[in-house]
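Participant: Numbering (this note's numbering), first residue to last: 637 to 1199. I'd like to ask you about the structure that follows.
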RNA sequence: GCGCCAAUAGCUCAGUUGGAUAGAGCAACUGCCUUCUAAGCAGUAGGUCGCAGGUUCGAGUCCUGCUUGGCGCGCCA
């Protein structure tokens, strides 16, 4: 904030020794006077005097006009703002910046390549798989919001053992449908476990695919298309979109890998083991840990392992260039990615930056496809939308069916996205139906509801201001509580991007929605005591809605006009 | 066994570089709809921030050890 910089300048002019020391501005607690302040402990260290002494000295400096009063509370220095001036400046800023409010524009002219989701084409995705896509999608929205040119990549694992097994299991099926694949997948895995011949046949199929057998290639391709299209449809319902699809099979025979294998060889890192496999000793490439030291790149039959193709793909992504190369991966891929980093560095390149996230767990324990205790994303979405529909029907009995359906869809999707995104990526999400389908309290619908209430006020008012015609007049703490919170939004968005934590957006949006609710209950807008106060409140409503819409947009959540 | 991540109210989670009395929601209890949508608001109750040490003027936040949970550890992807 400009204001904070001005305060810093004022202090540094009188005390040059304090230059470059970061001040921790924070809102003052309820029992103290003032709007915000900071502790003087760090200054005390530099100036070698007590923080209480410094606070009182700094209090007597002359600050910008917008600061009405300074007051010390022991080692803390607090500032009181001219609330009307502050609110007028902030709200008019929001009204003019509109959908860009909150953006620092730091990414202008920069390119980002972001890979996310990239699930195996097999069955309908369960909710655990969606966390990758949701985090990735939100990061993509964040980067775009900050001005970056973002290209979202999806790596289609269109080959590998699991496709081979699926192809065999589906051999005598005609017109296979996507929803049937889950059962086939479970069956195929069970059969491979029980019958080594079946599994061996799978690897054989894989090898023929690698050697370009047209029949096998077609069978793989057909199966992958059924799965991929089915998965993308479900992911699309959640609002996930991709710019570029890269197919693993196109990295089978890659000139870059011939070069890479030569580099590994020269560094003495590549050897053939007693089974005839091509193995990479990562320790020779600078990998420190003993676990994960060896990695098989090629099977004895000459077919390649996943890592082999992924190295080629990663090199491809690096060659495409950009100022940032990101990938969202589950915590199960942490070691794998460390290995990848070592390999890419040994080839003289900079590896992508990985964003890891933890698993979604069920209250009863882990999800397991085999044991059948999975929550499919499609089911979760159906359930959430259904739940929302029931509420909309009660609320709007006379509304046309398709409009109600659309509102229910927006609310259901919003609830799902919010529930998963609001948890810090490095923590497990504990999923239970009751909490996930709760549309009260800390939830997506609660935020949407605030937007709806604002929309309703503005609808009844008949118009909404494009710009401020006159300065705001605040008469109530609830107005100020809301307005002052809006001022921190740009900082919150920037933190969310820097820490690659979408949860900060969720917390910010909730906080604003809560403050709006307080304001809504305590400050009548349309029936305010006079026109001046009414216009101020209208402006605050417009600004609050803008901030909420921008935050929801980053979270990939829409807000209906009514709900 | 080894490595990485986590542990905050009965439950689900915030707590962004260490700072003022640790915050929400759900569940429980009490109020508030002839007044802009009650998917809401106000209030009560609920905490040795896993345990034990340490660093610091100050620790939920940093360090060490332990406990519990998640994830991983060579022909799966």
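All C-beta atoms, glycine included, are put in the ideal place defined by N, C-alpha and C.
Going straight from the alpha carbon of residue 956 to that of residue 747, what length do you get?
Facilitator: Your numbering for residue 956 matches position 320 in the first chain. Your numbering for residue 747 matches position 111 in the first chain. In a straight line, the C-alpha of residue 956 is about 10 Å away from that of residue 747.
Participant: In angstroms, rounded to a whole number, what distance separates the CA positions of residue 721 and residue 1107?
Facilitator: Walking along the first chain from the start, residue 721 turns up at place 85. Walking along the first chain from the start, residue 1107 turns up at place 471. Approximately 7 Å, taken between the alpha carbons.
Participant: To which residues of the same chain is residue 669 closer than 6 Å at the C-beta, ignoring the five residues directly before and after it?
Facilitator: Position 33 of the first chain, counting from 1, holds the residue named residue 669. Excluding positions up to five away in sequence, the list reads 707.
Participant: State the Cα-Cα distance for the pair residue 643 and residue 718, rounded to the nearest angstrom.
Facilitator: As a position in the first chain, residue 643 is number 7, starting the count at 1. As a position in the first chain, residue 718 is number 82, starting the count at 1. Distance between the alpha carbons of residue 643 and residue 718: 15 Å.
Participant: Could you say which of 1132, 923, 843, 944 lies nearest to residue 890 if we only look at CA atoms?
Facilitator: The count along the first chain starts at 1 and reaches residue 890 at position 254. Residue 944 is the option with its Cα nearest to residue 890.
Participant: Rounded to whole angstroms, what's the CA-CA distance from residue 1004 to residue 1061? Just pull it up for me.
Facilitator: Position 368 of the first chain, counted from the first residue, corresponds to residue 1004. Position 425 of the first chain, counted from the first residue, corresponds to residue 1061. Distance between the alpha carbons of residue 1004 and residue 1061: 21 Å.
Participant: Just the C-alpha distance for residue 691 and residue 649, rounded to the nearest angstrom, thanks.
Facilitator: The count along the first chain starts at 1 and reaches residue 691 at position 55. The count along the first chain starts at 1 and reaches residue 649 at position 13. Each residue's alpha carbon lies about 16 Å from the other.
Participant: What would DSSP say about residue 986, mapped onto helix, strand or coil?
Facilitator: In the first chain, counting from the first residue as 1, residue 986 sits at position 350. Coil, per DSSP.
Participant: Count the C-beta pairs between the stretch 1043-1050 and the stretch 1019-1031 that are closer than 8 Å, then say yes if the count reaches three, no if not.
Facilitator: With a cut-off of 8 Å, the stretch 1019-1031 and the stretch 1043-1050 count as touching, because enough Cβ pairs lie within range.
Participant: Would you list the residues sitting across from residue 1001 in a DSSP beta bridge?
Facilitator: Here residue 1001 corresponds to residue number 365 of the first chain, with the count starting at 1. Answer is 998.
Participant: Applying the 10 Å Cβ sphere with the 16-neighbour rule, what's the burial state of residue 789?
Facilitator: As a working note, residue 789 is residue 153 in the first chain. Residue 789 is buried by the Cβ-count criterion.
Participant: For residue 1073, which three-state DSSP category applies?
Facilitator: Counting from 1 along the first chain, the entry for residue 1073 is found at position 437. In this structure, residue 1073 counts as coil in the three-state DSSP scheme.
Participant: Check this for me: beta carbons of residue 699 and residue 675, under 7 Å apart or not?
Facilitator: Locating residue 699 in the first chain gives position 63, where the first residue counts as 1. Locating residue 675 in the first chain gives position 39, where the first residue counts as 1. In this structure, residue 675 does not lie closer than 7 Å to residue 699 by Cβ.
Participant: Which class does residue 992 belong to by DSSP, given the choice of helix, strand or coil?
Facilitator: Here residue 992 corresponds to residue number 356 of the first chain, with the count starting at 1. In the structure shown, residue 992 sits in a strand (DSSP, three-state: E or B).
Participant: Beta-carbon within less than 8 Å of residue 930's beta-carbon, same chain only, minus the 5 sequence neighbours each way: which residues are those?
Facilitator: By 1-based counting over the first chain, the position of residue 930 is 294. Cβ within range, chain order: 915, 916, 917, 918.
Participant: Is residue 1120 helix, strand or coil by DSSP?
Facilitator: In the first chain, residue 1120 corresponds to position 484, counting from 1. Of the three classes helix, strand and coil, the one that applies to residue 1120 here is helix, per DSSP.
Participant: Do the CB positions of residue 859 and residue 799 come within less than 7 Å of each other?
Facilitator: Mapped onto the first chain, residue 859 falls at position 223. Mapped onto the first chain, residue 799 falls at position 163. Yes.
Participant: Which two residues bound the contiguous beta strand (DSSP E) that contains residue 1047?
Facilitator: Here residue 1047 corresponds to residue number 411 of the first chain, with the count starting at 1. Not the beta strand (DSSP E): residue 1047 falls in the alpha helix (DSSP H), residues 1037-1057.
Participant: Going by CA-CA distance only, name the one from 1026, 949, 1032, 902 that's closest to residue 976.
Facilitator: Position 340 of the first chain, counted from the start, is the residue given in the question as residue 976. The candidate whose alpha carbon is nearest that of residue 976 is 949.
Participant: Quick one: Cα of residue 1111 to Cα of residue 1195, how far?
Facilitator: Translated into the one-based positions of the first chain, residue 1111 becomes position 475. Translated into the one-based positions of the first chain, residue 1195 becomes position 559. Their backbone Cα atoms lie some 29 Å apart in a straight line.
Participant: Based on the DSSP output, what are the partners of residue 716 in its beta bridges?
Facilitator: Taking the first residue of the first chain as position 1, residue 716 is located at position 80. Residue 716 is bridged to 705.
Participant: Who are the near neighbours of residue 702 in its chain, counting only those whose CB is closer than 7 Å to its CB and skipping five residues on each side?
Facilitator: Along the first chain, read from residue 1 onward, the residue named residue 702 stands at position 66. Contacts found: 639, 717, 718, 721, 722.
Participant: Provide the residue(s) that pair with residue 880 in DSSP beta bridges, ordered along the chain.
Facilitator: Along the first chain, one-based indexing puts residue 880 at 244. For residue 880, which the question treats as bridged, DSSP gives the partners 789.
Participant: On the DSSP bridge list, what partners appear for residue 1030?
Facilitator: For the purposes of this step, residue 1030 is identified with residue 394 of the first chain, where counting begins at 1. Note: residue 1030 sits in no beta bridge, so no partner.
Participant: Taking all protein chains shown into account, decide if residue 1182 is buried (16 or more other Cβ within 10 angstroms of its Cβ) or exposed.
Facilitator: As a working note, residue 1182 is residue 546 in the first chain. Buried: at least 16 other Cβ atoms inside 10 Å.
Participant: Taking all protein chains shown into account, decide if residue 1002 is buried (16 or more other Cβ within 10 angstroms of its Cβ) or exposed.
Facilitator: Along the first chain, read from residue 1 onward, the residue named residue 1002 stands at position 366. Result: exposed.
Participant: Starting from the C-beta of residue 660, find all residues in its chain whose C-beta is less than 7 Å away, skip the five residues before and the five after it, and write them out in chain order.
Facilitator: Residue numbering aside, residue 660 sits at position 24 when the first chain is read from its first letter. Excluding sequence neighbours, residue 660 sits near 674, 675.
Participant: Here's the rule: buried if 16 or more other CB atoms are within 10 angstroms of the residue's CB, otherwise exposed. What is residue 880?
Facilitator: Counting from 1 along the first chain, the entry for residue 880 is found at position 244. Exposed is the call here.
Participant: Which residues does DSSP list as the beta-bridge partners of residue 940?
Facilitator: Here residue 940 corresponds to residue number 304 of the first chain, with the count starting at 1. Paired residues: 934.
Participant: Take residue 1197 and list the residues in its own chain whose beta-carbon comes closer than 6 Å to its own, dropping the five residues that flank it on each side.
Facilitator: Walking along the first chain from the start, residue 1197 turns up at place 561. Closer than 6 Å at the Cβ level, and outside the excluded window around residue 1197, lie 1091.
Participant: Could you pull out every residue in the same chain whose Cβ sits closer than 6 Å to the Cβ of residue 1094, ignoring the five residues on either side in sequence?
Facilitator: The residue labelled residue 1094 in the question sits at position 458 within the first chain. Closer than 6 Å at Cβ, skipping near neighbours: 1100.
Participant: Restricting to runs no shorter than 4 residues, where is the alpha helix (DSSP H) found entirely within the stretch 1166-1196?
Facilitator: Runs found: 1167-1190.
Participant: Looking only at C-alpha atoms, which of 771, 809, 1098, 757 sits nearest to residue 862?
Facilitator: One-based indexing of the first chain puts residue 862 at position 226. The shortest Cα separation from residue 862 among 771, 809, 1098, 757 belongs to 757.
Participant: Opposite residue 908 in the DSSP bridges: which residues?
Facilitator: Indexing the first chain from 1 puts residue 908 at position 272. DSSP lists 914 as partners of residue 908.
Participant: On the DSSP bridge list, what partners appear for residue 960?
Facilitator: The residue given as residue 960 occupies position 324 in the first chain. Per DSSP, 748.
Participant: Quick one: is residue 1151 buried, meaning 16 or more other Cβ sit within 10 Å of its Cβ, or exposed?
Facilitator: For this step, residue 1151 is matched to residue 515 along the first chain. Burial call: buried.
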